[in-house]
Structure formats: structure tokens, C-alpha cells
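Residue numbers (my numbering), protein chains in the order written: chain R, 154 to 631; chain L, 220 to 764.
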């Protein structure tokens, strides 16, 4: 939501008692909204007409193998078990997990690919993603993504915050800050996590933190089991009226403190209390799938009724999207396949393929996809050479930041195209490299934000999601 | 003015307490002395002290009076009284007879002392008026008393939406006097003590539209419509300890909400409402000062101002009802409205009350999952700038949609999950700008969809689109290392080994390790094998092609 009218808000603070007597207040709403917007005269930030109004970002934690899913290299099958040529490796840094290997045998993908019709000359997609193949005409498949990090923690941090070191606001927090919430009954930035079928890495809450932005912009994690939001239900014996009275009193005290200290975090706290109160009503309705048709549930696949599954989270993402949540972050854990990749990736891909395709289809038919920016990708790629034993049924792949594949779809993104090329080993980029900051800049552009104007002053300088980099890539735009 | 003199002047507020206490004390002591309870010589000394403190205070005050932009008339009277009372005190001390023998001198001294004390009262009051403002004595009034009637006057829009969103609110197009009711009280409370009627530091007065627009010694303080160029707001946003921060550290500071309100008011062009045309009865500050503001805001400008105020009020009503609104683009008047947060309880009445007042500006209207039905569409049909309308999962039917027939600007309609039929197809085909329509589960038949799809440039999403077609698939995969090892192609043809496997070890040949034997190039797997080979080449002949 854009900032509400401050004149009006002031009127509310002045007549606070009357205001808090209502079951739902606008003061909290107003405070929970974009701190940035045009009330501060910073209009140039949103000077572009937005094409997307919200984001669904499916992060594949652990880094899925581009070679087995998206980056088709059939010629490698004739180089099975050959050493990776030095001319390709170029002495680039490897992780400690494979730098000690005596040889780097080429491991071609053992999965068959199918070429699907898109708006170019078709796109090759692995047999692991049959449902996603059927929505190939919606995808902008980027083969030339690269990053600077080689380990998960800095890799995810870089993708989420634009910096490898922790401490910066996450992508979702920037969007909440720059665009505000569209629904004052739900957080502007929601996070959902699916446990993987394979090797999982830690997932820190700071990946959806607000860094130095006001903390109202941090992501709100919806839990998969039990209550989606902890402590949302009133304890036994506490009525909703009691709760209201308690909040009124606490808010009045906090308001006094806010006026005394002028500390924005106090008002954030008031806003959070008010939102939590409203979420007591809005969240149970949100997570109740009973109003979904059988046909829709079937679309997302058999796991849709399992809370926390990627299917359930994709359906929840659509429900959040249609309720005006600005940034929806899905995490699928377990793509870190250092060994036994063929076995694990089958399970991982099966868990995400149908739901993610269903999400695109469902958004499209409900008239939401052109306003919803969908992003899919991991924090880096995986190596063409095998980590550990190589056979035609089993191999492993190590971390590979030099090139990997991500895809985007929906609002403002050019549909049905591929972008960028890698060399014949899917090891280096040979055409149109895309840096993380460039991807961020382009996605912000789709949301109507100028990445170099979306700034927050902290410790004496302006900070941006794209740091001092970033280029909007017109080839990715519709 | 020399710095020492300036410091001396600024001691005035400190020194003035001495004569006040001492002179009134002198009155009391004179009484005790005349009753014989105090030595007259001792009293004479005391009286001199009181008189000298009064003179010192008066001179410090005189210096201070030269320094700042105090209200001239008040200052003059204050100075006159102050100097007079100091002079009277001095005369009293001079006339006073320590021996107590001259009745005449004693009488005159008493009269002067009494007069001096009498002058103290108005002088002190004027002094406090200069420093604390003219409402100092009769204040402090409880804040609520000021605010409540103001809010009541706002009735109609602001108050109605705050108090009772559900009640049938009066017309939301009443004109709230934003300046008089919200802005002026902030200036009055936070700024006017130093930049007001009595004191205008830096030549600046913030208690009237004229003063706000005129600015101070350093130029204008407000640039209507441009917050970032308005020094007044920039100074208020500086860190508290910053030298240029206003109000100065230690003075009451505006709250964040007050600042935000000022900024939004300036961003909206700093409209003064009727305050710029006539002093409104409702605004005590504006009333207290003659308004010599520009009175040329008539005609078109005034009209635009009124429209802007209406718009601000209508947007505030949306906020209060939790209806999301954002500009289609920064700086544009066009609006995107989305009722997602309150969809199930958002019906035709809410549409009429909250959205219709903004009809001219609504470019995108999202009513998905809301309770609106056909009646709403006859209102929406009159929205002149509407480009995108989302009616997904609402109760609208063919009868309602017919109201949109021929709408000139509608380019995108979302009608999925509705109860339409093929009867609406002609309505849709009759929309000149229509470029996209979503009709999944809408009741429109495949034949109807086909008719729509036949129109060039119209994209129809109905959930029945075919999936991306597979063009080719890979068959059974074969893995091999058949191709020469990387780098082999760099070896000249004449040096290419004739053998693929090492005759010594049986491993694949690396062309780097090759020897010439009997005119043939023989390859090995490693540098050690050729040594073995040379010990007895004949032994390995059988293993060569």
C-alpha cells in the first residue's frame, strides 16, 4: 500500500481513544506502510509505470544442477569420464570438497531432454521437469546467471540481499520498503519453507531480515505445521475483547513512548501488534483450503494437502498473491547434491515440478500472472565434472558459481525465451552473462522501481539492493 | 555587537530575577524597618543592592532588545517599563535617608519604591509574552479541548470514517480546511513562540499563510509541492543535535505524525483553503493575525485546490476502510485501487461511498473476491479513465456487464470465476480498447471464446489454452569417450599416434607421450612407458596395429 495520508493519520493520533476503540485501526495500518513513498517527495523511485505488482520468488536452496535440468549439453555424452580440459577449467577456484580430486571426469546428464515450443525456436527442458515443460511458453529461461559466492550461506545471502556478507535488507524487505503493503491485514513480505528430499543446508532467518530498514519490512515466516503463525491464537480464557483492551492500553503507552523518544521502532512495534491482531482473523482464512475446488487442488498435485509441501506452499503463494501480499518467498531445501545426484534430484524435481507449473497456470487463468513476477533459481549451479565416483547411474556435482540457470515468468518479463549461453561443458558463459545485481535491477524495474534510486541512508551513506552495480537488461523485459 | 556585550545581553533572563525578588523584598523590609525591627542603615544597603540589580538588568535587557526579531511594540513597552522601574528604584535608593531623620526623603523613597514594584508587574508580564508567547498566562489548555471541536468540524469525511465506517456516512466531499485545522495548529504549537506574532526570529513568521509564503531573512521556507526544496521541512528532519535543526534542541519537537502531515500538506501544494481568502473563524492562530496573504487564488486555482482537498479526503477514507491505493505511476493522478484486504465485506455500498468519489482518477480497479454485484457495474461504467477492471469471483452477471458496453478506455477485464454467459460476448467485442480478457470458469462457452479469439489483438485467457507443445524428445542415451581426448586435435596429423591404447600398459594414449619408431608415431599413456618400450621394441610389436 502506498503511504496513507499523513494528515489523516495525525488526526487519528490526536483522537486516539476513539480510534483504538475500533476493532481495526488505520494508525497501525498507516505506520506499517511504505516509509518511502511519495509523502517524502522521493517520487523518482517509483517513476516507472510498474508492470508487476507482486513477486513470488521460489528459491531452490542448495543449488540445483543446471546441467540435469535446464542447460542441455548432449555433446557431453560422447565425453563421458574424460578429464575436464584445462582450457575450460582455467584454474578457477574450486571448493575444498573437490579441489583435492586427482581428476575431474566429465559427467554428462543421464536425463533425457525434450524440446518444447516457446516464442523462439523452442527450449530444451529435462525429463525431470515435464510439467514445467508444458508452461515453457511462459518462461524466460536464463542460462547465463553467475555469482561470486561458492558456498551456500554467502551464496543465498548474495541472492537475497545483494551482498555476500550478512546485514543488508533482503529483496523482499526492499520491496516492502519501496512499495508498501497492499493488504493491511497481512504482512507485506511472507516466507514459506519446504523441507527437501536430499542434502539440506542451514536456512537462516536473516535471509528474510530487514537489515537496517525498519523492522516492519522483515519477512514473516508462515510455519507449515500447527499454527501458521505462532501464538496467533488467544490463549484459553482470553476473549477477543480482552485482547483488544490489552492492545489499546499497550498502544497508548507505546504511543507515549514514541512521542517522547521519536524512535521509529516504537511505532513499528505498535504497527506489528495491530497487524498481529488483524492476522488473528486473516490468517486462518488464508490457510484454509476448503474453498479451493477439487480441480484446482489436483492441478497442484498429490502433495497439496500435506502442509509444508512445495505443492501446498505454491497454492498458499497464490492465495497470498490474490490477497495483495507484496513479496512471497518460497524456499525449497535439499538441492545440494554432492553425491548420488541422479537419485536425489529425481525426488527434488518431482516435488517442485507440478506445483510450480500449476502456480503459473493458476495465476494465468485467474488473470494474475501478468501482474505477478515469478522467479525460480538457486544460489549457484553445479559442476559438469563429477564429485566422487562417476558411473552412468550415479555421480555427484560440486558447487559451481561460474554459470547456472534460473527462470522468471509473469509480470513484465518476456515470455517464452531463453537468454544467455554457456560453453559446451556448461562451465563458462560465452554469451550475455547476467550478474546477480543485474537480475535484481531488472526485477525491480518490472516492479516500477529504479534500482539506483531505491536507497536507504544508513551509517552515513545511501545503500541499495544493487550496491553500486546493476543494469536493467532489456532483453528480459516484455 | 561585540560578543562580550552579547553575552551580557543574554544574561538578562537570569538577572531579572534579582530585582523582582529584591524590590518586592524591599517593600517588606521597609515595613519592618519603620516598625523598628530592622536597622535603617542595614536597609539602606539592601535597597542599594536592589536598585543596582534593577539597573544592571535593565541595561542587559536593553542590549538584548537590539539583538533579535522580537515583536517591536511589545518590546518597546517592556523596555520603557523596565527602564522606568530601574530608574525609580535608583531614585528610591538615592532619596532614602539612612539616618531616618528626613521624613520627606523617606516618604519620597517609599513612593518611588512602591511605584517601581508596581511597574514590575506589567514589565514582567510583557517579558514573559516575548519569550513564551501571548497565551502563556492563560495556557496551558488541555490539548483535547483544541482538537475535538476541530475534528468535529471535519465531519463528513475524516471524522465519519474514523468513528463509524459502517454508518451511513454523510457526503464525503465536504471540504476539510486542512491548513486551518491540521497545519496551523502544528505551527502554532511548535513554531510560533519564536516565529509568531510576538517574536519573529530570523524575520520569519509561521503563524499566517503570508508569513509562511514570505519566508525569513534567508529566503523562502516553503516551496509548495516540493518537500525536498522546502528548508522548513528539511531543517525539521535534520538530526536533533544538528546546528540547523528546528525547533532547536530542548524546545518541544513535532511528532513524527505531525511532520508527516506537514510534508504531505506541502507535497499537495501547501493549500491554505479559505484561510488564504478570509480569516476563518475556526483557526485561532489565523484569526489572531491579519491575513495579508495573496488573495488572488481565485477561479481555476481555487477550484484545483478544492478538488485536491477532496481527493485527499477520499484517499483518507480509502485508508480507513483498508482499501489499497497507489498511483499508477509516481506523480500521476491515476490510481490503482485494490480491495483485497476487505474483499468479502466490500459491496456496492462501499463502492459507492469510497470509490465513486475518485471516479475520475481510477485507472485500475481490483474488486476480485468482493461482494459487489451488477449494481456496481452501472457506477463503474461511468469511470472515465478506467483501463483495467478485475471482477474475478464476484456475483456479476450478463445484466451487469451490459452496463460497460462501449466503455472507451477499458483494455483489460478479469472475469474469471463469474456467472456470465455467451450473452456477454457481444458486450466484450463492443469494447473498442479491449486487449485482454480472462474468462476461466466464467460460463462463456467454447463457441463464445472462439468468437472472442477471432478478434485480432484480443488475448483471451480461459484456462483452456493448450500446453507448450513438445517438438522433439531424446531417445535412448549412449555414453562414450569415443571422441579424441581434448587437446588431441592440436597435434599435427604427421605426429598423430597410430595406436589408441598404450602398448605397454593398455591404457588410453595421451598424444603428449609419443615416440618415432621405424617411421611410425607410437603413443603412450605416460612418460614411463616409452622407457619400457625402448628396452625391447620388438616385444611390443604385436600390440601395435
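C-beta: ideal position from N, C-alpha, C; glycine also.
Of all residues in the stretch 459–485 of chain L, only 459, 472, 474, 475, 476, 477, 478, 479, 480, 481, 482, 483, 484, 485 place a beta-carbon less than 9 angstroms from a beta-carbon of chain R. Under the Cβ criterion of 7 angstroms, residue 290(R) is counted among the residues facing chain L. For residue 523(L), the number of other beta carbons within 10 angstroms of its own is below 16, and it is reported as exposed. Excluding its 5 nearest sequence neighbours in each direction, residue 456(R) has C-beta neighbours in its own chain below 8 angstroms: 462, 463, 464, 465, 504, 508, listed in chain order. Taken through DSSP and simplified to helix, strand or coil, residue 334(R) comes out as coil. Scanning 348(R), 351(R), 443(R), 371(R) for the CA closest to the CA of residue 359(R) turns up 371(R). Closest option to residue 529(R), judged by alpha-carbon separation, among 204(R), 206(R), 212(R), 427(R): 212(R). Per the DSSP secondary-structure output, residue 224(R) pairs with nothing in a beta bridge.
Along the stretch 633–658 of chain L, the beta strand (DSSP E) occurs as fully enclosed runs of 3 or more residues at 655–657, listed in sequence order.
Sequence-distant Cβ neighbours of residue 327(L) in its own chain, meaning closer than 6 angstroms and more than five residues away, are 314. Here residue 387(R) has 396 as same chain residues with Cβ atoms under 6 angstroms from its own Cβ, once five neighbours each way along the sequence are excluded. In this structure, residue 325(R) lies away from residue 607(R), with their beta-carbon atoms at least 7 angstroms apart.
Looking only at 473(R), 251(R), 362(R), 460(R), the smallest Cα-Cα distance to residue 207(R) is reached by 473(R). Residue contact check for residue 230(R) against chain L: a CB pair falls below 7 angstroms. Taking a C-beta cut-off of 9 angstroms against chain R, none of the residues of the stretch 231–262 of chain L qualify. What residue 267(R) touches in chain L, judged by beta-carbon distance under 9 angstroms, is 689, 690, 691, 692, 693, going in chain order.
A distance of 7 angstroms or more separates the beta carbons of residue 524(R) and residue 492(R). Spatial neighbours of residue 621(L) in its own chain (CB-CB distance under 6 angstroms, excluding positions within 5 residues in sequence) are listed in chain order as 646. Relative to the Cα of residue 289(R), the nearest Cα in the group 685(L), 730(L), 401(L), 450(L) belongs to 685(L). The three-state reading of DSSP puts residue 729(L) in strand, counting E and B together. A Cβ of chain R is located within less than 7 angstroms of the beta carbon of residue 682(L).
Across the stretch 561–594 of chain R, CB contacts with chain L closer than 9 angstroms involve 569, in sequence order along the chain. Taking 7 angstroms as the threshold, the shortest C-beta distance from residue 335(R) to chain L falls below it. Residue nearest to residue 235(L) within the set 596(L), 280(L), 555(L), 251(L) is 280(L) (criterion: CA-CA distance). Taking the CA atoms as reference points, residue 236(R) sits about 5 angstroms from residue 257(R). With a threshold of 16 other beta carbon atoms within 10 Å, residue 285(L) falls short and is exposed. The beta carbon of residue 593(R) sits closer than 8 angstroms to the beta carbons of 315, 324, 604, 618, 619, 623 from its chain, once the five residues preceding and following it are set aside; these are given in chain order.
With contacts defined by Cβ atoms closer than 7 angstroms, residue 722(L) and residue 763(L) form a contacting pair.
Non-local C-beta neighbours of residue 402(L) in its own chain, meaning closer than 6 angstroms and more than five positions away in sequence, comprise 484, ordered along the chain.
Contact annotation: residue 270(R) and residue 687(L) have beta-carbon atoms nearer than 7 angstroms. Proximity to residue 600(R) across 586(R), 435(R), 502(R), 630(R) peaks at 630(R), based on C-alpha coordinates. With 16 or more other Cβ atoms inside 10 Å of its own Cβ, residue 308(R) counts as buried. The beta carbon of residue 233(R) falls within 7 angstroms of a beta carbon belonging to chain L, placing the residue at that interface. Within chain R, 154, 155, 333, 334, 335, 336, 337, 477 have C-beta atoms less than 9 angstroms from the C-beta of residue 543(L), given in sequence order. With a 10 Å radius around the Cβ and a threshold of 16 neighbouring Cβ atoms, residue 336(R) comes out buried. By the rule that beta-carbons nearer than 7 angstroms mark a contact, residue 549(R) does not touch chain L.
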